[in-house]
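In full-length UniProt numbering, the protein residues as written are 1 to 81.
So this is what it looks like as structure tokens:
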């Protein structure tokens, strides 16, 4: 396996060591990378920074918006001739 930068290698190595250096100060959760901790903190704050541009429903993750659009708004797509 090849890694472009040292940070990617470091994160990968944590999958083998079990190291979880990013700890939530509000509960006992801990994470391999900072991005996962940031996303987790939204469960405590209620922050929902991602919004569906079709109905304005808000989500904590961008991938949840994409899934929502496929499930809820799939029929709303205009047909292309």
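All C-beta atoms in this analysis are idealised placements derived from N, C-alpha and C, irrespective of residue type, glycine included.
Go ahead and label residue 72 buried or exposed: buried means 16 or more other beta carbons lie within 10 angstroms of its beta carbon, across all protein chains shown.
Taking the chain shown and counting its residues from 1, one reaches residue 72 at position 72. Under this definition residue 72 is an exposed residue.
Rounded to whole angstroms, what is the Cα-Cα separation between residue 14 and residue 75?
Position 14 of the chain shown holds residue 14. Position 75 of the chain shown holds residue 75. Straight-line Cα distance between these residues: approximately 43 Å.
Can you tell me whether DSSP reads residue 48 as helix, strand or coil?
For the purposes of this step, residue 48 is taken as the residue at position 48 of the chain shown. Looking at residue 48 - three-state DSSP - the assignment turns out to be coil, as it is neither helix nor strand.
Can the beta-carbon of residue 37 be found less than 8 Å from the beta-carbon of residue 24?
For the purposes of this step, residue 37 is identified with residue 37 of the chain shown, where counting begins at 1. For the purposes of this step, residue 24 is identified with residue 24 of the chain shown, where counting begins at 1. A contact, by the Cβ cut-off of 8 Å.
Within a Cβ cutoff of 6 Å, which residues of the same chain sit near residue 65, ignoring the five residues on either side of it in sequence?
Taking the first residue of the chain shown as 1, we reach residue 65 at position 65. The residues are 50, 52, 59.
Beta-bridge pairing of residue 30 - partner residues as DSSP gives them
In the chain shown, counting from the first residue as 1, residue 30 sits at position 30. Per DSSP, 23.
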